[in-house]
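Following: one structure in structure tokens, then a few remarks.
2 protein chains.
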Amino acid sequence: MTQTFARLEVSPAYKVVYEAIEKEILSGRLKEGDQLPTETALAEQFGVNRSTVREGIRLLEQSGLVRREAGRRLHVNLPHYTELAPRVSRAMVMQRVTFRELWEVCMVLEPQAAVDACDRASDAELDALNRNLWEMKAALDAGTPLTDLDVEFHALVAEATGNKALLLAREPISLLFYPAVKVLFERPESSAVAGRRVVQAHQYIVDALKARDVETARLWMHKHMVDFKRGYDLCGLDIDAVVERMPGRA
Amino acid sequence: MTQTFARLEVSPAYKVVYEAIEKEILSGRLKEGDQLPTETALAEQFGVNRSTVREGIRLLEQSGLVRREAGRRLHVNLPHYTELAPRVSRAMVMQRVTFRELWEVCMVLEPQAAVDACDRASDAELDALNRNLWEMKAALDAGTPLTDLDVEFHALVAEATGNKALLLAREPISLLFYPAVKVLFERPESSAVAGRRVVQAHQYIVDALKARDVETARLWMHKHMVDFKRGYDLCGLDIDAVVERMPGRA
Numbered sequence: 000m001t002q003t004f005a006r007l008e009v010s011p012a013y014k015v016v017y018e019a020i021e022k023e024i025l026s027g028r029l030k031e032g033d034q035l036p037t038e039t040a041l042a043e044q045f046g047v048n049r050s051t052v053r054e055g056i057r058l059l060e061q062s063g064l065v066r067r068e069a070g071r072r073l074h075v076n077l078p079h080y081t082e083l084a085p086r087v088s089r090a091m092v093m094q095r096v097t098f099r100e101l102w103e104v105c106m107v108l109e110p111q112a113a114v115d116a117c118d119r120a121s122d123a124e125l126d127a128l129n130r131n132l133w134e135m136k137a138a139l140d141a142g143t144p145l146t147d148l149d150v151e152f153h154a155l156v157a158e159a160t161g162n163k164a165l166l167l168a169r170e171p172i173s174l175l176f177y178p179a180v181k182v183l184f185e186r187p188e189s190s191a192v193a194g195r196r197v198v199q200a201h202q203y204i205v206d207a208l209k210a211r212d213v214e215t216a217r218l219w220m221h222k223h224m225v226d227f228k229r230g231y232d233l234c235g236l237d238i239d240a241v242v243e244r245m246p247g248r249a
Numbered sequence: 000m001t002q003t004f005a006r007l008e009v010s011p012a013y014k015v016v017y018e019a020i021e022k023e024i025l026s027g028r029l030k031e032g033d034q035l036p037t038e039t040a041l042a043e044q045f046g047v048n049r050s051t052v053r054e055g056i057r058l059l060e061q062s063g064l065v066r067r068e069a070g071r072r073l074h075v076n077l078p079h080y081t082e083l084a085p086r087v088s089r090a091m092v093m094q095r096v097t098f099r100e101l102w103e104v105c106m107v108l109e110p111q112a113a114v115d116a117c118d119r120a121s122d123a124e125l126d127a128l129n130r131n132l133w134e135m136k137a138a139l140d141a142g143t144p145l146t147d148l149d150v151e152f153h154a155l156v157a158e159a160t161g162n163k164a165l166l167l168a169r170e171p172i173s174l175l176f177y178p179a180v181k182v183l184f185e186r187p188e189s190s191a192v193a194g195r196r197v198v199q200a201h202q203y204i205v206d207a208l209k210a211r212d213v214e215t216a217r218l219w220m221h222k223h224m225v226d227f228k229r230g231y232d233l234c235g236l237d238i239d240a241v242v243e244r245m246p247g248r249a
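Those sequence lines, one after another, are chains A and B.
33 is the number that numbering that gives the first Met the number 0 gives to position 34 of the first sequence; each next residue is one higher, with no gaps.
225 is the number that numbering that gives the first Met the number 0 gives to position 226 of the second sequence; each next residue is one higher, with no gaps.
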């Protein structure tokens, strides 16, 4: 009888280097900002060529796990949700996402965020929401742009949930959705009404969060989302049109 | 009176190169797989130094918009949701996301996915769900692993919604959530019951999708999600423990 062997799974050495360093970062043993050993030192520790280490590090840089700073020293880079979100938003734009698709997801995520924030918002988080509300009222009176404050309001509600999975899931959508609403604020026939309705809804939501009133928070966030679509329709905008570009880009 | 000027916002030249190419990709004029001109040709067209072009391209590579292929020619790389999702999942692991956080988001996204899939699933998509269901029944009988089929089932439901924003938002959570359920399938005291309950729920969901019965689809996906947590609790697992690692990694 001849002995037979199962096929070996051999990873290229640079991938093994990549995975060894990734594992230390995932486990938390290497922390944000920590400096990595030099290429030479890593090559020695791993017992591989410097070129292998270099290829592994290139992969770490490409995945955003490591950044090269002044003097070319390598530092651990923990991706924050605000850093990854634009990449996901961009992927959505490239895949020709429509306003309706974004809105459908907001219709479920935003009311749930309001519910969870009701249970968990700290005093500091409620203060931040209050400040945002007053700034938005001032901007409405002054006729200055509301979009950034609107994006911030919804991000503050989401942050008050303390749910990192929710934050990472909704941020890329939020980056595209709220700026798409900008057109409503800018159209002469809708701007005053749209602005007032948004501020009014935010007021009800903040009041509900302060009162820890889950059902009112859910209800007003839901109404608020329905209102976005209604404004879009009233302005004769096509909700099935693709979102053409990233906000803030020419 | 002295003329005063507003502060100019000057971007470094390599960023302008990056943005010029990104814009062509976002607009769809440069498509997946398209080859970029050489560095020399780009430098000539943009009227900048080759080193500036090289720096701009480095940024494009880092953002995953461009990949370097054999012969070092540069090609446009359109990020697909399955490509970005592991990066977002990894960010969640690094930020020490808990099973409860993942579950909370699944509790809202998955039932909505079932509802939208009810309206929109094509015959081919229903067939794929059916096939998945039968494979899972066979795996249950054979005692082979169910996790990959479970992940696939929920991805198929999400794909049947045709909503690209939903797909991109839920995939990173799904990649962590369903494999975390694996422990239930593996524990001797829960495996048989857990497997049967999962297959049963999938059966009800597929039947509802075929019948275009929105309320039953929503109800059974909701029950199914509640069941995951119940199983977790019954096994004495801590739902607030952090998800320690990416699935499929040592």
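Note that beta-carbon positions come from the ideal geometry of N, C-alpha and C, so glycine has one too.
Runs of the alpha helix (DSSP H) spanning 4 or more residues and lying entirely within the segment 40-112 of chain A occur at 49-61, 80-93, in chain order. Within chain A, the residues placing a beta-carbon under 7 Å from that of B/Ser62 are Arg86, ordered along the chain. Counting C-beta atoms within 10 angstroms of its own C-beta, B/Gly63 has 16 or more neighbours from the protein chains shown and is therefore classed as buried. Scanning chain B for C-beta atoms nearer than 7 Å to the C-beta of A/Val107 yields Val107, Leu108, Gln111, reported in chain order.
The Cβ atoms of B/Leu183 and B/Gly230 lie closer than 8 Å to each other. Bounds of any alpha helix (DSSP H) do not take in A/Gly27, whose DSSP letter is neither H nor E. Contact between the segment 212-222 of chain B and the segment 107-119 of chain B is present, with at least three C-beta pairs closer than 8 Å.
Residue burial is scored here from C-beta neighbours: B/Pro144 has fewer than 16 other C-beta atoms within 10 angstroms and is therefore classed as exposed. Per DSSP, reduced to three states, the secondary structure at A/Val242 is coil, with no helix or strand assignment. For B/Gln34, the beta-bridge partners assigned by DSSP are B/His74. Residues of the segment 196-217 of chain B whose Cβ lies closer than 7 Å to any Cβ of chain A: none. Secondary structure remark: continuous alpha helix (DSSP H) runs of at least 4 residues inside the segment 145-227 of chain B, in chain order: 146-159, 163-185, 190-209.
Chain-order list of chain B residues neighbouring A/Gln94: Lys163, by C-beta distance under 7 Å. Taking C-beta separations shorter than 7 Å and ignoring five residues to either side along the sequence, the partners of A/Arg53 in its chain run Glu38, following chain order. For chain A, the residues of the segment 167-178 of chain B that bring a beta carbon within less than 9 Å of one of its beta carbons are Leu167, Ala168, Arg169, Pro171, Ile172, Leu175, Phe176, in chain order. A check of alpha carbon separations from B/Glu68 across B/Ala40, B/Gln44, B/Gln34, B/Arg57 identifies B/Gln34 as the nearest. The Cβ atoms of B/Leu174 and A/Ala164 lie no closer than 8 Å to each other.
Here A/Ala123 carries a helix assignment [DSSP, helix/strand/coil]. Along the segment 11-25 of chain B, the positions whose C-beta sits under 9 Å from a C-beta of chain A are Glu18, Glu21, Lys22, Ile24, Leu25, read in chain order. When rounded, the separation of the alpha-carbon atoms in B/Gln94 and A/Pro187 is 44 Å. Between B/Thr146 and B/Pro178, the gap from beta carbon to beta carbon is short of 8 Å.
At least 8 Å separates the CB of B/Val192 from every CB of chain A. Spatial neighbours of A/Ala127 in its own chain (CB-CB distance under 7 Å, excluding positions within 5 residues in sequence) are listed in chain order as Leu155.
Around the beta carbon of A/Ser88, a 10 Å sphere encloses 16 or more other beta carbons of the protein chains shown; the residue is thus reported as buried. The beta carbon of B/Ala40 sits closer than 7 Å to none of the beta carbons in its chain outside the five residues before and after it. Contact of B/Asp115 with chain A is assigned, a C-beta pair being separated by under 8 Å.
In the three-state DSSP reduction, A/Gly235 falls in the coil class, being neither helix nor strand.
Your pair A/Glu18 and B/Gln61 does not check out as a contact, with CB atoms roughly 20 Å apart and the cut at 8 Å. Nearest CB-CB separation between A/Ala90 and chain B: below the 8 Å threshold. Of all residues in the segment 227-240 of chain A, none is placed with a Cβ closer than 7 Å to any Cβ belonging to chain B.
For A/Val16, the CB contacts under 8 Å within the same chain, skipping 5 residues up- and downstream, are Leu41, Phe45, Val47, Thr51, Val52, Glu54, Gly55, Ile56 in chain order. Look at B/Gly142 here: in three-state DSSP terms it is coil, with no helix or strand label. Annotation for B/Tyr13: Thr51, Glu54, Gly55 place their beta carbon closer than 6 Å to its own, counting only its chain and skipping 5 residues before and after.
By the beta-carbon neighbour count (other beta carbons within 10 angstroms, threshold 16), A/Asp149 is buried.
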